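According to this note's numbering, the sequence shown is numbered sequentially starting from 1011.
Beta carbons: idealized from backbone N, C-alpha and C, even for Gly.
Owing to the predicted nature of the structure, the values given are computational and were not obtained by experimental measurement.
To start, the structure itself, in structure tokens.
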Amino acid sequence: MRTAIYVAQLAERYGDLLAPLVSVGHDDFARGMELFRRHERLGVFDAALAAAVQRRDHVRGVALADRAFAGIPALSRFEPGAPDFAERLGL
């Protein structure tokens, strides 16, 4: 059974993970269109998100189940349903 203290600590750790959320700017979108042209499985907005992540040193990757992100250079994908998801994120 999870105690309130444990749940609060876990929520704080998730908050730390969400802190590096970023906006997608014009340069990210332009770079994203380059990725979109090279990676057939990526959608337009997914490509812009991938570019935004690649351009920021403080962001380690994306937490998505979408496998279209696999194989994008300099982009780590953390799959939420994976058994090692929490461990890979340091939770």
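Taking 7 Å as the cut-off, is the beta-carbon of residue i closer than that to any non-hydrogen atom of the ligand ATP?
| i | result |
| --- | --- |
| Asp1067 | As presented, the structure is devoid of all ligands, the ligand ATP included, so that no description of it is given. |
Can you tell me whether DSSP reads residue i as helix, strand or coil?
| i | result |
| --- | --- |
| Arg1066 | coil |
| Ala1073 | strand |
| Arg1087 | strand |
| Asp1037 | helix |
| Val1017 | helix |
So the candidates are the options; which of them puts its Cα closest to the Cα of residue i?
| i | options | result |
| --- | --- | --- |
| Ala1058 | Ala1084, Asp1076 and Gly1042 | Gly1042 |
| Ala1073 | Gln1019, Ala1096, Asp1038 and Val1017 | Ala1096 |
| Arg1065 | Leu1020, Asp1038 and Phe1088 | Asp1038 |
| His1049 | Phe1079, Pro1093 and Ile1015 | Phe1079 |
| Ala1060 | Leu1099, Tyr1016 and Leu1085 | Leu1085 |
| Gly1053 | Asp1076, Leu1101, Ser1033 and Val1063 | Asp1076 |
Please classify residue i: is it buried, with 16 or more other beta-carbons within 10 angstroms of its beta-carbon, or exposed?
| i | result |
| --- | --- |
| Phe1046 | buried |
| Leu1020 | exposed |
| Asp1056 | buried |
| Val1063 | buried |
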